[in-house]
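In the numbering used here, the protein residues as written are 180 to 360.
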């Protein structure tokens, strides 16, 4: 705020006069630019959940690292592979396809054994190779889908939406430039 002129220190917002609380800055603003998400691996998200697995039950929980595909699409692929309806596959939150993300899924498999996740990964790689050869996308604008199953546990409960402890982010900025000189 500068001076004591009430007209200068107030704003009219939707017919209501409000005070302008502009605070003094200790430092001058930096004039820095950078590029975000230039490469898929520049934005990494790791989902953390507060669950102690029972080791048994009709739900198979898997911790998946993926890139190039969104959460909902991968849930459809998991349902198809496991021979269940898409509603049997649950996840806590949506993750970006233009990032390397690690997240939990649960698949309800009553009376079924735990799937062979190595076969899922192999069939997934085969599908991706065929699609990228067909579309021949060398630009990098649409990176190939990658999926790796990092962990698998049986549990007696379904994964609930929003049941996260936290998301851990690792963000890489590229081509930093400082034009404040």
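Glycine residues also receive a C-beta, built at the ideal position from the N, C-alpha and C atoms.
Per-residue DSSP class, three states only, for residue 250: helix
7 Å Cβ shell around residue 182 - same chain, five flanking residues per side excluded: Confidence in residue 182 is poor, its pLDDT being 49 and thus under 50, which makes the residue's placement too unreliable to answer from.
Sequence ranges, alpha helix (DSSP H) only - wholly within the segment 215-281, length at least 4: 250-261
Local Cβ density within 10 Å of residue 207, reported as buried at 16 or more and exposed below that: exposed
Local conformation of residue 299 per DSSP, three classes: helix
Residues near residue 317 by beta carbon distance below 8 Å, same chain, minus five either side: Because residue 317 sits at a pLDDT of 48, beneath the cut-off of 50, its placement in the model cannot be relied upon, and the following sentence gives the value as read from the coordinates. Hits under 8 Å: none found.
CB contact flag (residue 269, residue 246, <8 Å): no
Cβ-based neighbour list, residue 261, same chain, cut-off 6 Å, excluding 5 preceding and 5 following: 286 and 294
Contacts around residue 219, its chain only, beta-carbon distance under 8 Å, and the 5 residues preceding and following it disregarded: 246, 247, 277, 278, 279 and 322
Inter-residue Cα distance where the pair is residue 337 and residue 275: 22 Å
DSSP state of residue 341 mapped onto helix, strand, coil: coil
The segment 228-236 in contact with the segment 299-308 per 3-pair CB rule at 8 Å: no
Distance between residue 209 and residue 180 (C-alpha atoms, nearest Å): In this predicted model, residue 180 has a pLDDT of only 43, less than 50, meaning its place in the structure is not dependable enough to derive any value.
Segment limits, beta strand (DSSP E) that includes residue 352: 352-357
Residues that residue 330 bridges to, as DSSP identifies them: 242
Which listed residue (212, 228, 215 and 221) has its alpha carbon closest to that of residue 344: 228
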